[in-house]
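Structure first, commentary second.
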């Protein structure tokens, strides 16, 4: 009995020695991969479906673990502190830049190796139909004529919707007071007339637009959003060159071996291209759009520069 | 009629019933274990619903929600540790009743009134979803802030000895919740540059710590000094409430149901506030010989009815407006969206079948949960046969697992232990713990609503006194404080006279 145990241990040791010797790590993953999720709401739900799909693609479990708080600071710090072996990855977003420039984490996006972009979400500008504003230009003119700052609802100060709103109203030259609501409350505040406009994810407005109580004036990205309602881009509607899009993707601690990244990237690709995932994600207002590691890395870097500039203008930068 | 019959057939297909049974048990277990909540249960069960057809998915989500909202009672009554924050108000009288040998009656009574409260809220939802959704719209930051102040005034009724001690507790609770990132500007407060502190103190972790740790310490010290009271297994008899007994509480049940349904419909409030408000309302109206706080069944009926009435109430803005009122309903909304069901005003016109099946499954979930609970009572009361120090050990393990699992953070386990021992010391200093919990629950919401209201009015405080709704709640709060101060002074005078 004892000798069998010894044998087993020796084999195990030998096995791990071989594993160490060959940098190829041919059998990744040997254990479950942990995917840290930073936020609740649709970000969490899409993350869970993604983890589900990647488990099937990898043939080994990918476990979604929630580590919310600090605008992403808690989750990023956790993953940053783990080994760069691909077993701990993060469901990230532009928040890596906002949380860094707010001064809440000492490291920035360079602390992570990009794996793949999974897709994007584009905020829209919505108003109550009672306001009578049917397009961006008429709203901007009416606001300027009124002389008082426009009350605009956003998720929170320093949140992505705040940045998108700031970029938009800066282009329009309209004075604005930002009212920080939680994400879900924007339609209620618009319907009750407590705010003049709101910048939020389109999904929650759809039933009210169909009911003709809320109108979506424009979306902040360069490309039109893929929903059943026709919404022009802000660029078309008068805020020329406005392009603010929230991406979500996966990243691992910097230094994770390239072949491990490649395996995770392929699993992510297979999941995003799956019809079931795409449908579920679209229903949640998330537009799937795969980008491989290298291109995703370039996107993160260019957006980081844009966010840094925006936050400086807004006086939100502490770093 | 055809549509109702066809919905009935779809709603009770075998796989839907299976989903109902599974969800109910899953929710009950998560609700019953301190530190595991139905919000967590919903997050875990959501991926399981992806592959189900939409009726079964709705069944699973609703039954998990309802099971979880009902399960918290068991631990609150039997061991004095609330399974969820919304059953914290039940601990006060419920645990006393259990100690007095009425454990099974109390649990069963709580189960029955929970079901009544839940079904009451369903009926209100069916008949007035449009009206209540428009009432909910009326509650902006200033109005919600006023409602929270009213909630805060219930501290008066919870402070066992003196209002001053109660206030000390409430303020401690508010102070604890200041730690972390502030909810408006994202500035870090009292974190001393430590990243883990940015996430602040999690309400659940603090709740487990406050209620469980002092009990655990007490149980061990009693065991050590040999003064342990052993419950004689023969005195714990299984007793279920008779219909006539329940009927005796009809007005309490009615008032608490109504209160819970309305509070539930207002976004940004929760079952915890409803439970405490119902408790303090019934305490004022109580004419029994046994005072509230000393083992009065009315003190169990009120919070349990209203925290379950919240379930139907909180579904009103979800279905009527597509707006979630708390994290649990946000997850339910996500589950509906994945299946292509878009709640909102048009759902009632375009897809009435979905609405009918939601109503039927909601009612079915309550009935199934009640049956499970009533059968379970026999098992639950067995927990009382376990010697206290062994039970304390088990509670300790659950506390550690629970506080870790809320946010998957070891830091929270440390926080739980620190707050727990502070709670023990405070209890020794005769500072009541329930007001601390109230401060913890209401603090973050109060700050957020107050500051949002002030931003909205460009720092003009008139926003609070130009809204009639806000004024009404401020007035309620003032009346409560005034009455309690008056009765406090009177009883002091009486004591002087007697002396």
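Protein chains in written order, with UniProt numbering: chain A, 1 to 319; chain B, 1 to 499.
Note that beta-carbon positions come from the ideal geometry of N, C-alpha and C, so glycine has one too.
Check                                                                                                                                                                                 : Outcome
Residues of chain B with CB closer than 9 Å to the CB of residue 181 of chain A, please, in chain order.                                                                              : 141, 452
Going residue by residue through the segment 55–115 of chain A, where are the continuous alpha helix (DSSP H) segments of at least 4 residues, counting only ones entirely within it? : 73–80, 95–101
Residues of chain A with a CB under 7 Å from the CB of residue 334 of chain B: which are they?                                                                                        : 42, 45, 284
Can you tell me which of B:137, B:99, B:3 puts its alpha carbon nearest to the alpha carbon of residue 193 of chain A?                                                                : B:137
Output, in chain order, the set of chain A residues within a Cβ distance shorter than 8 Å of residue 138 of chain B.                                                                  : 192
How many Å lie between residue 132 of chain B and residue 166 of chain B at the Cα?                                                                                                   : 34 Å
For chain B, find out if any of its Cβ atoms is closer than 8 Å to the Cβ of residue 157 of chain A; answer yes or no.                                                                : yes
Take the Cβ of residue 174 of chain A as the centre, count every other Cβ of all protein chains shown within 10 Å, and call the residue buried at 16 or more, exposed below.          : buried
Find the residues of chain B that neighbour residue 100 of chain A, judging by a C-beta separation of less than 7 Å, and give them in chain order.                                    : None at all; the shortest Cβ gap to chain B is about 12 Å.
Measure the alpha-carbon distance for residue 330 of chain B versus residue 490 of chain B and round it to whole angstroms.                                                           : 47 Å
Please confirm if the segment 319–336 of chain B is in contact with the segment 179–190 of chain A, defined as three or more CB-CB distances below 8 Å between the two stretches.     : yes
Identify the residues that DSSP records as bridge partners of residue 234 of chain A: which are they?                                                                                 : Answer is none; residue 234 of chain A lacks a bridge partner.
Flag this pair as touching only if the segment 282–301 of chain A and the segment 81–90 of chain A have three or more C-beta atom pairs under 8 Å; answer yes or no.                  : no
Can a CB atom of chain B be found closer than 8 Å to the CB of residue 147 of chain A?                                                                                                : no
Assign residue 430 of chain B to buried or exposed, taking buried as 16 or more other Cβ atoms, counted over all protein chains shown, within 10 Å of its Cβ.                         : exposed
What are the residues that DSSP puts in a beta bridge with residue 487 of chain B?                                                                                                    : According to DSSP, which records beta bridges pairwise, residue 487 of chain B is partnered with nothing at all.
Could you check where the beta strand (DSSP E) with residue 341 of chain A kicks off and where it finishes?                                                                           : The displayed coordinates of chain A run from 1 to 319. Any statement about residue 341 of chain A would go beyond what the structure contains.
Note down, in chain order, each residue of its chain lying with its Cβ closer than 7 Å to the Cβ of residue 427 of chain B, except the 5 sequence neighbours on either side.          : 214, 433
Using the rule of at least 16 other Cβ atoms within 10 Å of the residue's Cβ for burial, across every protein chain shown, is residue 226 of chain B buried or exposed?               : exposed
May I ask you to report which of helix, strand or coil DSSP gives residue 118 of chain A?                                                                                             : strand
Any C-beta of chain B sitting closer than 8 Å to the C-beta of residue 248 of chain A?                                                                                                : no
Along the chain, where does the beta strand (DSSP E) containing residue 37 of chain A start, and where does it finish?                                                                : 33–37
State buried or exposed for residue 51 of chain B, treating a residue as buried only when at least 16 other CB atoms are found within 10 Å of its CB.                                 : exposed
Can you tell me which of the three DSSP states residue 291 of chain A falls into?                                                                                                     : strand
Could you tell me if residue 244 of chain B is buried or exposed, where buried requires 16 or more neighbouring beta carbons within 10 angstroms of its beta carbon?                  : exposed
In chain B, what lies closer than 9 Å to residue 89 of chain A by C-beta?                                                                                                             : Per Cβ cutoff of 9 Å: no residues; residue 89 of chain A is ~15 Å from chain B at best.
Using 8 Å for Cβ pairs, my map puts residue 249 of chain A next to residue 166 of chain A. What's the rounded Cβ distance?                                                            : So it is not a contact: roughly 24 Å between Cβ atoms.
Distance, Cα to Cα, residue 359 of chain B vs residue 213 of chain A?                                                                                                                 : 26 Å
Using the beta-carbon count (16 or more within 10 Å), is residue 448 of chain B buried or exposed?                                                                                    : buried
Could you please give the first and the last residue of the uninterrupted beta strand (DSSP E) stretch that includes residue 198 of chain A?                                          : 197–200
For the segment 400–417 of chain B, which residues have a beta carbon sitting closer than 8 Å to at least one beta carbon of chain A?                                                 : 407, 408, 409
Rounding to the nearest angstrom, what Cα-Cα distance links residue 452 of chain B and residue 424 of chain B in this structure?                                                      : 36 Å
For the alpha helix (DSSP H) containing residue 356 of chain B, list its first residue and its last residue.                                                                          : 352–380
With DSSP as the reference, label residue 451 of chain B as helix, strand or coil.                                                                                                    : helix
Once the 5 residues before and after residue 364 of chain B are set aside, which same chain residues still bring their CB inside 7 Å of it?                                           : 20
Can you give me, in chain order, the residues of the segment 429–463 of chain B that have a beta carbon less than 9 Å from any beta carbon in chain A?                                : 448, 451, 452, 455, 456, 458
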